[in-house]
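All residue numbers for the sequence shown refer to numbering that gives the first Met the number 0, where the first residue is 0 and numbers rise by one.
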Amino acid sequence: MAQVGIVMGSDSDLSVMSKAAEILDEFGISYEMHIISAHREPDLFFTWAKGAEERGIKVIIAGAGMAAHLPGMCAALFPMPVIGIPMHTTSLGGRDSLYSIVQMPSGIPVATVAIGGGKNAGILAAKILAVSDADLLQRLKDYSANMAEEVAGKDARLQEQGYKNYKK
């Protein structure tokens, strides 16, 4: 049974949303992923969002661009955490999406990651689930330790080679 619901309004969002799925795969977290337009398929969207809790979903990751209503509507219908991913847009560079997601009315919060921040949305979902899962919490701690080791290795190489000879 899926623990995370990933939803996007268009397949143009898939490249960003797949980053959330990849990190959930890395942590062994089950998810379902759908393309559902809140504007073009409102009945389907309402059924999906209202039924998420019954299906075992604990966190929803919703990506949206422009008007970015998908994350907010998920939060209005789903009683547990919703993470919004603002999508980069050609007209305003994603700022329109970001503002639409973070400017939720009082009582309907949506956690928000960076524009195009699919990977961080997946990590945040994992951290939310880790509150009640000690094994997942340990995997997150190991993930953080590995990131720190990678940075330390890059610095050691920089110190050894100098910036002029440093190769990425």
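Built from N, CA and C at the ideal position, the CB exists for glycine as well.
The structure presented is a predicted model; accordingly, all values stated were derived computationally and were not measured.
Judged by beta-carbon spacing, residue 42 lies beyond the 8 angstroms limit of residue 65, meaning their Cβ atoms are not closer than that value.
Inter-segment contact for the region 60–74 and the region 9–26 is present: three or more beta-carbon pairs are separated by less than 8 angstroms.
In the DSSP annotation of this structure, the continuous segment of the beta strand (DSSP E) that includes residue 33 starts and ends at 30–34. The continuous alpha helix (DSSP H) containing residue 71 extends over residues 68–76.
In the three-state DSSP reduction, residue 108 falls in the coil class, being neither helix nor strand. Under the DSSP assignment, residue 41 falls in the alpha helix (DSSP H) whose first and last residues are 41–50. Contact between the region 32–41 and the region 80–100 is absent: fewer than three C-beta pairs spanning the two stretches fall below 8 angstroms.
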